[in-house]
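Peer 1: Listed in order, the protein sequences are those of chains B and D. Residues are numbered in my numbering as their position in the first sequence, beginning at 1, plus a constant of 559. Residues are numbered in my numbering as their position in the second sequence, beginning at 1, plus a constant of 559. I am attaching a structure below and will ask some questions about it afterwards.
Protein chains: 2
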Amino acid sequence: MIRFGRGELEGLGSAFPFPAGRAFLLSSPAVLGFHGERIRAALSGRAAVEIVFEDGETAKTLETLRGVLDAALAAGIRRDDFVVAAGGGTVTDLAGFAAAILLRGIAWYALPTTLLGMADAAIGGKTAVDHPAGKNMVGAFHPPAGVLIDPDLLSTLPPRRFREGVVEIFKTLLVGSGEAARRMAGRLEGIAGSGDADEYLEEAIRVKSAVVERDPRERGERRALNFGHTLGHAIEAAGGFSRWSHGEAVAIGAAAALRLSASLCGFSPPAAGAIARELVAFAGGGPALPAWSGEIEGFLSRDKKNTAAGAVAILLAGWGQPVAREVTPAQWKEALESLRDA
Amino acid sequence: MIRFGRGELEGLGSAFPFPAGRAFLLSSPAVLGFHGERIRAALSGRAAVEIVFEDGETAKTLETLRGVLDAALAAGIRRDDFVVAAGGGTVTDLAGFAAAILLRGIAWYALPTTLLGMADAAIGGKTAVDHPAGKNMVGAFHPPAGVLIDPDLLSTLPPRRFREGVVEIFKTLLVGSGEAARRMAGRLEGIAGSGDADEYLEEAIRVKSAVVERDPRERGERRALNFGHTLGHAIEAAGGFSRWSHGEAVAIGAAAALRLSASLCGFSPPAAGAIARELVAFAGGGPALPAWSGEIEGFLSRDKKNTAAGAVAILLAGWGQPVAREVTPAQWKEALESLRDA
Numbered sequence: 560m561i562r563f564g565r566g567e568l569e570g571l572g573s574a575f576p577f578p579a580g581r582a583f584l585l586s587s588p589a590v591l592g593f594h595g596e597r598i599r600a601a602l603s604g605r606a607a608v609e610i611v612f613e614d615g616e617t618a619k620t621l622e623t624l625r626g627v628l629d630a631a632l633a634a635g636i637r638r639d640d641f642v643v644a645a646g647g648g649t650v651t652d653l654a655g656f657a658a659a660i661l662l663r664g665i666a667w668y669a670l671p672t673t674l675l676g677m678a679d680a681a682i683g684g685k686t687a688v689d690h691p692a693g694k695n696m697v698g699a700f701h702p703p704a705g706v707l708i709d710p711d712l713l714s715t716l717p718p719r720r721f722r723e724g725v726v727e728i729f730k731t732l733l734v735g736s737g738e739a740a741r742r743m744a745g746r747l748e749g750i751a752g753s754g755d756a757d758e759y760l761e762e763a764i765r766v767k768s769a770v771v772e773r774d775p776r777e778r779g780e781r782r783a784l785n786f787g788h789t790l791g792h793a794i795e796a797a798g799g800f801s802r803w804s805h806g807e808a809v810a811i812g813a814a815a816a817l818r819l820s821a822s823l824c825g826f827s828p829p830a831a832g833a834i835a836r837e838l839v840a841f842a843g844g845g846p847a848l849p850a851w852s853g854e855i856e857g858f859l860s861r862d863k864k865n866t867a868a869g870a871v872a873i874l875l876a877g878w879g880q881p882v883a884r885e886v887t888p889a890q891w892k893e894a895l896e897s898l899r900d901a
Numbered sequence: 560m561i562r563f564g565r566g567e568l569e570g571l572g573s574a575f576p577f578p579a580g581r582a583f584l585l586s587s588p589a590v591l592g593f594h595g596e597r598i599r600a601a602l603s604g605r606a607a608v609e610i611v612f613e614d615g616e617t618a619k620t621l622e623t624l625r626g627v628l629d630a631a632l633a634a635g636i637r638r639d640d641f642v643v644a645a646g647g648g649t650v651t652d653l654a655g656f657a658a659a660i661l662l663r664g665i666a667w668y669a670l671p672t673t674l675l676g677m678a679d680a681a682i683g684g685k686t687a688v689d690h691p692a693g694k695n696m697v698g699a700f701h702p703p704a705g706v707l708i709d710p711d712l713l714s715t716l717p718p719r720r721f722r723e724g725v726v727e728i729f730k731t732l733l734v735g736s737g738e739a740a741r742r743m744a745g746r747l748e749g750i751a752g753s754g755d756a757d758e759y760l761e762e763a764i765r766v767k768s769a770v771v772e773r774d775p776r777e778r779g780e781r782r783a784l785n786f787g788h789t790l791g792h793a794i795e796a797a798g799g800f801s802r803w804s805h806g807e808a809v810a811i812g813a814a815a816a817l818r819l820s821a822s823l824c825g826f827s828p829p830a831a832g833a834i835a836r837e838l839v840a841f842a843g844g845g846p847a848l849p850a851w852s853g854e855i856e857g858f859l860s861r862d863k864k865n866t867a868a869g870a871v872a873i874l875l876a877g878w879g880q881p882v883a884r885e886v887t888p889a890q891w892k893e894a895l896e897s898l899r900d901a
C-alpha cells in the first residue's frame, strides 16, 4: 500500500491500518534532526519506542543490525508491534530486515526521506545489510505493509543525494516505461537543478510497484530493475561504499550497460551513446570514472545473481525493453573503458 | 517434501530435486563424527563446502550464526547453491535461518539426527537463533525444500536426547491425534527403553506436516503445536538452556498445561492428572521440578506469542482438542506448584 503526495506526512498516523501494538520508530540522528518532530507529531503518540542508528552504506552492517535487534528486544517488542522506518535506503533496508527477523517477522512501514528511497529502496520488500563479501549479501524479502512518500521531505536533501535519486528514477523508466524515459533523457541536470522530480518519481513508483507485485521474489521480470546495478554495485563496493555514491555508481554502471546494449542487443547506438554520455557527465564527468581493477572484477564474480551457469546482466534491446544477457568481465571492462573516450 | 524410513539416508543424493549449484553441508563436530562419512557418501561428492559449528541451545546464538554467514560468503555461496543441515534441532534451526537470509534466501534441506528434530524442529520452516531476551527471538519462516528422516541415525543418540524426542512426539499427538495420544499414554518409559518410536514418530510427522501446510506462518491452527512450550520455554531459558533439556522443560510445561486444561477447559481431571504425573516422572521426577521464580515469570512475559491483549497459551479441552486460553502468571505458578503434590 503506497500513499504518494506532498503533505501526506501529516496524515501518517491514520494512513494505514496499523496493527494493535506499539510503533517502534527506527531512524537515524540526521533524519530525526530534520524531520523528527513532524514524524512524532504525525504518529500522534504512537511512536512508543525510538531506536536510532547511523545511516549511510558504511553503517548498513550486521553490527548495526545487532544493535537494533538488541534494542528492540530489550524494549519487549511483540508480534503486534510494528516498525516505522524513516530515512534513506540504508535506513529502510536495515530496519526492514530487522522487522523481517524479529520474532520471525513483524509488520513494518516505510517513510523514505531521500529521492532514492522514494523511487526504489522503500518499495518492494528487498531488505538487507551489507557484508565484507558484498552489498546486500544478508537479507530477506519482507515487503513493507505500507509506504508513505511525501516529496516535501526532500527539501532538506543535499544535492548529491537528490541526484542519485534522479539516476535511479531514470534507470527504472529505462527498463519499464520507454515513453517516460525518452521524455526524461537529456533533462537529468535540469531536474536536479529544479529539485522537483515529482512527475518522473510518480511514474517510477508506478513501474516499480507493478513489477514487484507481479514478481515479488525476483524470480524473473523483477531482475530487470537491476539494470545498471551489476557493474554499479561492484564499483560501489570497490570504492568502499564511500568514494562513489550508490547513484553515481549506478549511473556509471548503466552507462556501461547501455554501451553493451548497443553492441550486443540492438539498442540504437547513437541513442545509447547519448544517454551514456549524459549519465557519465551527471555522475561527475570523466574524472569520476573508476579504472578497471581486480577488485571490481572480484565483486562482479560474487554478484548475488550469479549462478553456476555464469554471470547474467540486464541490458536493453530498446527503450523500456530489458533483456537478460550473459556478460563476461572482459566485456564489462571494455564497456567501462569505452566511457572515457566518449 | 518429506522422506521417511530406515535406510533412507543412503539415497540422500537423489532424494530431492536439488538446485543446480553446490551443496553446503552445515553440521556440528559431534554429528559429523558419528555420521559424517555416510552423509558425504550419500551426497556422492555434492557436498562442496562444509561449515561446522557447535550444536546445543547455548551455541544457537547470533554469534554462531555470524560465523556461518561469514564462512558461506567467504566460500562464494550463490543463489543456486543449497544448504544441507545435518543435526539436531539447534543445527537445523540455525542452518535454516542462515539459508533464509543468505542472499535473501536460498534453498535448504534438513537431515535431522535427533528424535526431537525428526518429530518437530526440522519440519515446518520455523528457523531461528536465541537471544539473551529469549528463545528463538530472531528468525524467519523458511521451510526446507526437503526433509529426510531416517530413524537408523538415532542409534547413536544418548538416552536423554532420545527421551526429549519422545516428549515432543507425545505433545504433537496430544494436540493433533487424540487416538494415537491415548495409545502412547502410559508407555513413554517403554518407548524410551526400546529406542524405537517409529510408529508414533511417523504419526507425529503426519500431524505436524498437515498443520504447517494449512498454516505455515502460525497465524492460527499451528499455534496449537506450542502446547507445553509457553511455560516450557520459560523454564528452559531460566535454566540457562542447560539445566533442563528442551524435552524436559516441555514435559514439565505440558504437565502444568494439562493441570490447567482440567481446571479451565474441561479435560478429564483423572486423565489429565495421570498424564501430568507420567510427564513429570519421565522428565526426571519431582526433584527435577523447577521452583517458580521471578526469572520464569519474566521470560513468560516476553513470550513471542504475547500481544497487547495479554498472554495466550494452548490448553486442551480433550484428547486432540487444543484451545487457546489466556493464562496469567499466577495460574502458571499454581499449576507448576501443583505438580509437586501429585
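Just so it is clear, CB atoms sit at the ideal spot from N, CA and C, and this is done for glycine as well.
Against B/LYS619, what residues of chain D qualify as contacts under a CB-to-CB distance less than 7 Å, listed in chain order?
Peer 2: The count along the first sequence starts at 1 and reaches residue 619 of chain B at position 60. Residues of chain D passing the Cβ test: none, with the nearest at roughly 14 Å.
Peer 1: For the alpha helix (DSSP H) holding D/HIS594, just list the boundary residues, first then last.
Peer 2: Here residue 594 of chain D refers to the residue found at position 35 of the second sequence. Residues 588-601.
Peer 1: Is there at least one Cβ from chain E nearer than 8 Å to D/HIS788's Cβ?
Peer 2: The chain labelled as chain E is not found among the protein chains of the depicted structure, namely B and D.
Peer 1: Interface residues of chain B around D/ASN908 at Cβ under 8 Å?
Peer 2: Any question about residue 908 of chain D goes unanswered here, given that chain D covers just 560 to 901.
Peer 1: Buried or exposed: D/ALA739, going by 16 or more other Cβ atoms within 10 Å of its Cβ?
Peer 2: Within the second sequence, residue 739 of chain D is the residue found at index 180, counting from 1. By the 10 Å Cβ count, D/ALA739 comes out buried.
Peer 1: Taking all protein chains shown into account, do 16 or more other C-beta atoms lie within 10 angstroms of the C-beta of B/GLU748, making it buried, or fewer, making it exposed?
Peer 2: On the first sequence, position 189 is the one that residue 748 of chain B refers to. Under this definition B/GLU748 is an exposed residue.
Peer 1: Would you say D/MET743 lies against chain B (beta-carbon separation less than 8 Å)?
Peer 2: Numbered from its first residue, the second sequence carries residue 743 of chain D at position 184. No, no contact with chain B.
Peer 1: If contact means a Cβ-Cβ distance below 7 Å, which residues of the region 696-727 of chain D contact chain B?
Peer 2: Against chain B - using a Cβ distance shorter than 7 Å - the residues of the region 696-727 of chain D are MET696, VAL697, GLY698, ALA699, PHE700.
Peer 1: What runs of the alpha helix (DSSP H), each 4 residues or longer, lie entirely inside the region 853-886 of chain D?
Peer 2: DSSP runs (the alpha helix (DSSP H)) wholly in the region 853-886 of chain D: 853-860.
Peer 1: Within the chosen definition, does the region 778-785 of chain D reach the region 576-588 of chain D through at least 3 CB pairs nearer than 8 Å?
Peer 2: With the cut-off at 8 Å, the region 778-785 of chain D and the region 576-588 of chain D do not touch.
Peer 1: What does D/ILE598 touch in chain B if you count any residue whose Cβ is under 7 Å from its own?
Peer 2: Within the second sequence, residue 598 of chain D is the residue found at index 39, counting from 1. Result: empty, since nearest Cβ-Cβ is about 22 Å, beyond 7 Å.
Peer 1: Rounded to whole angstroms, what is the Cα-Cα separation between B/GLU613 and D/SER768?
Peer 2: In the first sequence, the residue the question calls residue 613 of chain B occupies position 54. In the second sequence, the residue the question calls residue 768 of chain D occupies position 209. If you take the alpha carbons of B/GLU613 and D/SER768, they lie about 43 Å apart.
Peer 1: Could you tell me the alpha carbon to alpha carbon distance between D/GLU854 and D/ALA630, rounded to whole angstroms?
Peer 2: On the second sequence, residue 854 of chain D is found 295 positions in, with the first residue counted as 1. On the second sequence, residue 630 of chain D is found 71 positions in, with the first residue counted as 1. If I take the Cα positions, the gap works out to 36 Å.
Peer 1: Taking only the alpha-carbon atoms, compute the straight-line gap between B/GLY635 and D/ALA681 and give it to the nearest angstrom.
Peer 2: Walking along the first sequence from the start, residue 635 of chain B turns up at place 76. Walking along the second sequence from the start, residue 681 of chain D turns up at place 122. The alpha-carbon atoms of B/GLY635 and D/ALA681 are separated by roughly 28 Å.
Peer 1: From which residue to which residue does the beta strand (DSSP E) around D/PHE575 run?
Peer 2: Counting from 1 along the second sequence, the entry for residue 575 of chain D is found at position 16. That residue, D/PHE575, is in no beta strand (DSSP E); it is neither H nor E in DSSP.
Peer 1: Is the number of C-beta pairs between the region 868-885 of chain B and the region 818-833 of chain B that are closer than 8 Å three or more?
Peer 2: Yes, since at least three Cβ pairs between the region 868-885 of chain B and the region 818-833 of chain B fall closer than 8 Å, the two stretches touch.
Peer 1: Counting only C-beta atoms, is D/ARG605 closer than 8 Å to chain B at any point?
Peer 2: Residue numbering aside, residue 605 of chain D sits at position 46 when the second sequence is read from its first letter. Not an interface residue.
Peer 1: Leaving out five residues on either side along the sequence, give the residues of the same chain with a beta carbon under 7 Å from the beta carbon of D/GLY843.
Peer 2: Within the second sequence, the letter at position 284 stands for residue 843 of chain D. Contacts found: GLU807.
Peer 1: Thinking just about the alpha-carbon of each residue, which of B/SER587, B/PHE841, B/ARG836 is nearest to the one in B/ALA894?
Peer 2: By one-based count along the first sequence, residue 894 of chain B stands at place 335. Closest by alpha carbon: B/ARG836.
Peer 1: Identify the continuous alpha helix (DSSP H) that holds D/LEU621 and give its terminal residues.
Peer 2: Stepping through the second sequence from its first residue, residue 621 of chain D is reached at position 62. 621-633 is the span of the alpha helix (DSSP H), which, as asked, contains D/LEU621.
Peer 1: Taking its Cβ as the centre, do 16 or more other Cβ atoms sit within 10 Å of B/MET743, making it buried, or is it exposed?
Peer 2: Position 184 of the first sequence holds residue 743 of chain B. Buried: at least 16 other Cβ atoms inside 10 Å.
Peer 1: Name the chain D residues that come within less than 7 Å of B/ALA645, Cβ to Cβ?
Peer 2: For this step, residue 645 of chain B is matched to residue 86 along the first sequence. Those do not exist, as B/ALA645 stays about 23 Å from chain D at its closest Cβ, beyond 7 Å.
Peer 1: Whole angstroms are fine: how far does the CA of B/GLN890 sit from the CA of D/THR649?
Peer 2: Along the second sequence, read from residue 1 onward, the residue named residue 649 of chain D stands at position 90. Along the first sequence, read from residue 1 onward, the residue named residue 890 of chain B stands at position 331. If I take the Cα positions, the gap works out to 45 Å.
Peer 1: One question on the structure: do D/ILE811 and D/ILE794 come within less than 8 Å of each other, judged by their Cβ atoms?
Peer 2: Counted from its first residue, the second sequence places residue 811 of chain D at position 252. Counted from its first residue, the second sequence places residue 794 of chain D at position 235. In this structure, D/ILE794 lies closer than 8 Å to D/ILE811 by Cβ.
Peer 1: Between the Cα of B/ARG605 and the Cα atoms of B/LEU621, B/LEU571, B/ILE665, B/ASP900, which residue gives the shortest distance?
Peer 2: Position 46 of the first sequence, counted from the start, is the residue given in the question as residue 605 of chain B. Cα-wise, what sits closest to B/ARG605 is B/LEU571.
Peer 1: Please confirm whether D/LEU670 has its beta-carbon closer than 8 Å to some beta-carbon of chain B.
Peer 2: In the second sequence, the residue the question calls residue 670 of chain D occupies position 111. It does not; no Cβ of chain B falls within 8 Å.
Peer 1: Which of the residues in the region 767-791 of chain B, read from start to end, lie with their CB under 7 Å from any CB of chain D?
Peer 2: Correct list: empty, as no residue qualifies.
Peer 1: For the alpha helix (DSSP H) containing B/PRO829, list its first residue and its last residue.
Peer 2: As a working note, residue 829 of chain B is residue 270 in the first sequence. Start and end: 828-841.
Peer 1: With 8 Å set as the bound, which would you pick, yes or no: does the beta-carbon of D/ILE949 sit closer than that to a beta-carbon of chain B?
Peer 2: Here chain D comprises residues numbered 560 to 901, so residue 949 of chain D is not present and cannot be evaluated.
Peer 1: Given that B/ARG625 touches chain D, what residues does it touch there, using C-beta distances under 8 Å?
Peer 2: Taking the first sequence and counting its residues from 1, one reaches residue 625 of chain B at position 66. Result: LEU621.
Peer 1: Which whole runs of the alpha helix (DSSP H) in the region 746-790 of chain B are 4 residues long or more, in chain order?
Peer 2: DSSP runs (the alpha helix (DSSP H)) wholly in the region 746-790 of chain B: 747-753, 757-773.
Peer 1: Entirely within the region 654-700 of chain B and at least 3 residues each: give me those beta strand (DSSP E) ranges in chain order.
Peer 2: For the region 654-700 of chain B, whole beta strand (DSSP E) runs of length 3 or above, ordered along the chain, are 666-671, 685-690, 693-700.
Peer 1: Any beta carbon of chain D sitting closer than 8 Å to that of B/GLY508?
Peer 2: In the structure as shown, chain B starts at 560 and stops at 901, and residue 508 of chain B therefore has no counterpart that could be examined.
Peer 1: Indicate whether at least one CB of chain B lies closer than 8 Å to the CB of D/LEU675.
Peer 2: Along the second sequence, read from residue 1 onward, the residue named residue 675 of chain D stands at position 116. Not one chain B Cβ lies under 8 Å of D/LEU675.
Peer 1: Taking DSSP as the reference, what is the three-state secondary structure of D/LEU848?
Peer 2: Start at 1 with the first residue of the second sequence, and residue 848 of chain D comes out as number 289. Note: D/LEU848 maps to coil in three-state DSSP.
Peer 1: Would B/HIS805 count as contacting chain D if we go by Cβ distances under 8 Å?
Peer 2: Residue numbering aside, residue 805 of chain B sits at position 246 when the first sequence is read from its first letter. False, the Cβ-Cβ gap to chain D never drops below 8 Å.
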